[in-house]
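Chemist:
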Amino acid sequence: MRSVLEWTTDFFAQRGLASARLDAEILLAHALGRDRLALYLRYEETVPNAVLRAYRGLIQRRVRHEPIAYITGRREFYSISFSVDPSVLIPRPETEHLVEHVLRRVQHLPGQSTGPGPLRILEIGTGSGNVSILLAKQLPQAHIVSMDVSLPAISVAVKNRKEHPDCSERIRFFQGDLFDALHPQRARFHVIVSNPPYVATDAWGNLAPEVRDFEPRVALDGGARGTEILYRIVHGAPDHLLPGGALIVEIGHDQGEAVPGMAQHTGRYGEISVLDDYAGKPRVLVAIT
Ligand SMILES: C[S@@+](CC[C@H](N)C(=O)[O-])C[C@H]1O[C@@H](n2cnc3c(N)ncnc32)[C@H](O)[C@@H]1O
165 MRSVLEWTTD
175 FFAQRGLASA
185 RLDAEILLAH
195 ALGRDRLALY
205 LRYEETVPNA
215 VLRAYRGLIQ
225 RRVRHEPIAY
235 ITGRREFYSI
245 SFSVDPSVLI
255 PRPETEHLVE
265 HVLRRVQHLP
275 GQSTGPGPLR
285 ILEIGTGSGN
295 VSILLAKQLP
305 QAHIVSMDVS
315 LPAISVAVKN
325 RKEHPDCSER
335 IRFFQGDLFD
345 ALHPQRARFH
355 VIVSNPPYVA
365 TDAWGNLAPE
375 VRDFEPRVAL
385 DGGARGTEIL
395 YRIVHGAPDH
405 LLPGGALIVE
415 IGHDQGEAVP
425 GMAQHTGRYG
435 EISVLDDYAG
445 KPRVLVAIT
């Protein structure tokens with residue numbers, strides 16, 4: 165293992181991959197069908213030829229900048245492993261903040277501690293289903309309606325839901341364009357959560373090749389200014405929130421003024437705030453009806 169890992173690490177570093185050693189380890193472990201710890205337990209052993217052949221194929225994919233998560237087909241989010249493929253965005257650590265803000269906010273919702281009915285949550289832009297599944301696991305009182313415009317993404321989300329029988333009954337997925345399929349009177353929620361596409365079309369060329377060349381454009385491109393989908397969400401959400409309900413949305417770090425401005429402009433939210441991430445950058449809009 166040692167010499168194979170050292171060779172691959174050098175090769176990846178020469179090709180400009182930032183996390184060369186880690187990538188080499190993850191891919192070798194994947195080729196072996198084991199976890200990374202197993203590499204160190206067998207560090208001085210020779211890698212079998214069949215494994216080496218498979219490993220070479222993985223190395224070729226990685227030097228073309230294919231993301232590790234698409235090669236292995238898995239990514240951890242909030243310590244849970246999710247199945248991913250190129251039809252879904254690879255879950256990002258920053259989206260864990262979004263989930264945390266929903267969990268925090270739910271405690272302040274009117275009637276939530278005492279109310280008899282389920283906590284009703286709508287997720288817009290399901291992707292792999294990571295956010296909805298995590299919320300359902302953390303909030304046993306929650307019933308979640310989770311939607312995406314992409315049918316292939318919904319299939320991945322359904323596959324992930326199957327791995328969590330504890331919450332599968334409480335998450336309903338459907339395909340659609342934002343609020344279009346929802347009845348404004350009947351479909352009302354305590355929380356609407358979303359990590360929508362918010363990259364400006366002009367900024368597309370500046371993205372890392374891992375993102376630009378492999379992740380689904382529909383998951384990232386938010387139109388000319390990056391705020392087209394955000395605008396529609398901020399305007400549409402009040403028709404689907406219960407009184408005192410919360411819209412909680414991830415935004416780009418340079419959208420901390422534009423997006424709350426849009427929310428203010430609707431005149432339909434009583435309280436609007438933007439929450440920073442650990443680096444002090446604005447990342448989450450919370451707007452209460
Ligand atoms: C940034 S990804 C979020 C994926 C996942 N929820 C997460 O946070 O990791 C945005 C998702 O929104 C979906 N989407 C884009 N436009 C949409 C629309 N008009 N209606 C519904 N979903 C949309 C994309 O297909 C994509 O899955």
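Quick note on numbering: our numbering labels position 116 of the sequence shown as 280, and the sequence is numbered without any gaps.
No residue lacks a Cβ here, since even glycine has one placed at the ideal position from N, Cα and C.
Keep in mind it's a predicted model, so treat the numbers as computed, not measured.
1. Report the option in ARG325, LEU439 and ILE223 whose CA atom is closest to the CA atom of ASP187.
2. Between the alpha carbons of PRO424 and GLY197, how many angstroms are there, rounded?
3. To test your reading of the DSSP string, which unbroken beta strand (DSSP E) runs of 3 or more residues are found completely within the region 407 to 450?
4. Compute every distance between the C-beta of ASP312 and the non-hydrogen atoms of ligand 1, then say whether any falls below 6 Å.
5. With DSSP collapsed to three states, give me the class of LEU286.
6. If you draw a straight line from the alpha carbon of GLN449 to that of ILE436, how long is it in whole angstroms?
7. How long is the line joining the alpha carbons of THR278 and VAL215, rounded to whole angstroms?
8. Using only alpha-carbon positions, find the residue among ALA233, GLY409 and ASN370 that is nearest to VAL355.
9. Sorry if obvious, but does the Cβ on THR259 come closer than 6 Å to a heavy atom of ligand 1?
10. Using alpha carbons as the reference points, say which of LEU169, ALA345, ILE393 and ASP344 lies closest to THR365.
11. Cα-Cα, which of GLY416, GLY434 and ILE412 is closest to HIS265?
12. If you measure between the beta carbons of PHE241 and ASN294, is that distance less than 7 Å?
13. Which residues in the same chain have their Cβ closer than 7 Å to the Cβ of HIS463, if we skip the five residues on either side of it in sequence?
14. My guess is that VAL252 and ALA317 are in contact by the Cβ rule of under 8 Å, so how many angstroms apart are they, rounded?
15. What does the alpha-carbon distance come out to for the pair GLN419 and SER314?
16. Measure the beta-carbon distance from PRO360 to GLY386 and round it to whole angstroms, keeping in mind my assumption that it falls under 8 Å.
Modeler: With the structure as the only source:
1. The count along the sequence shown starts at 1 and reaches residue 187 at position 23. Of ARG325, LEU439 and ILE223, the residue nearest in Cα terms is ILE223.
2. Locating residue 424 in the sequence shown gives position 260, where the first residue counts as 1. Locating residue 197 in the sequence shown gives position 33, where the first residue counts as 1. The straight-line gap from Cα to Cα measures roughly 47 Å.
3. For the region 407 to 450, whole beta strand (DSSP E) runs of length 3 or above, ordered along the chain, are 435 to 440.
4. Start at 1 with the first residue of the sequence shown, and residue 312 comes out as number 148. Answer for ASP312: yes, Cβ within range of ligand 1.
5. Locating residue 286 in the sequence shown gives position 122, counting from the first residue. Strand.
6. The residue given as residue 449 occupies position 285 in the sequence shown. The residue given as residue 436 occupies position 272 in the sequence shown. According to the sequence displayed, residue 449 carries Leu and not Gln. Going from the Cα of LEU449 to the Cα of ILE436 covers about 7 Å.
7. One-based indexing of the sequence shown puts residue 278 at position 114. One-based indexing of the sequence shown puts residue 215 at position 51. Because THR278 carries a pLDDT of 43, less than 50, the predicted location of this residue cannot be relied on, and no value is offered for it.
8. Against the sequence shown, residue 355 aligns to sequence position 191. The option with the nearest alpha carbon to VAL355 is GLY409.
9. Along the sequence shown, read from residue 1 onward, the residue named residue 259 stands at position 95. Yes; taking the cut-off as 6 Å, the Cβ of THR259 has a heavy atom of ligand 1 nearer than that.
10. In the sequence shown, counting from the first residue as 1, residue 365 sits at position 201. THR365 has its Cα closest to that of ILE393, out of LEU169, ALA345, ILE393 and ASP344.
11. Translated into the one-based positions of the sequence shown, residue 265 becomes position 101. With distances taken between Cα atoms, HIS265 lies closest to ILE412.
12. As a first step, residue 241 is located in the sequence shown; it is residue number 77 there, counting from the start. As a first step, residue 294 is located in the sequence shown; it is residue number 130 there, counting from the start. Their beta carbons are under 7 Å apart, which means PHE241 touches ASN294 by this criterion.
13. Only positions 165 to 453 of the chain appear in this structure, which leaves residue 463 out of reach.
14. For the purposes of this step, residue 252 is taken as the residue at position 88 of the sequence shown. For the purposes of this step, residue 317 is taken as the residue at position 153 of the sequence shown. About 5 Å separates the beta carbon of VAL252 from that of ALA317, a gap short enough to meet the 8 Å contact definition.
15. Here residue 419 refers to the residue found at position 255 of the sequence shown. Here residue 314 refers to the residue found at position 150 of the sequence shown. GLN419 and SER314: Cα-Cα distance of roughly 25 Å.
16. Sequence index remark: in the sequence shown, residue 360 carries index 196 (1-based). Sequence index remark: in the sequence shown, residue 386 carries index 222 (1-based). Their Cβ separation, rounded to whole angstroms, is 7 Å, which keeps PRO360 and GLY386 in contact under 8 Å.
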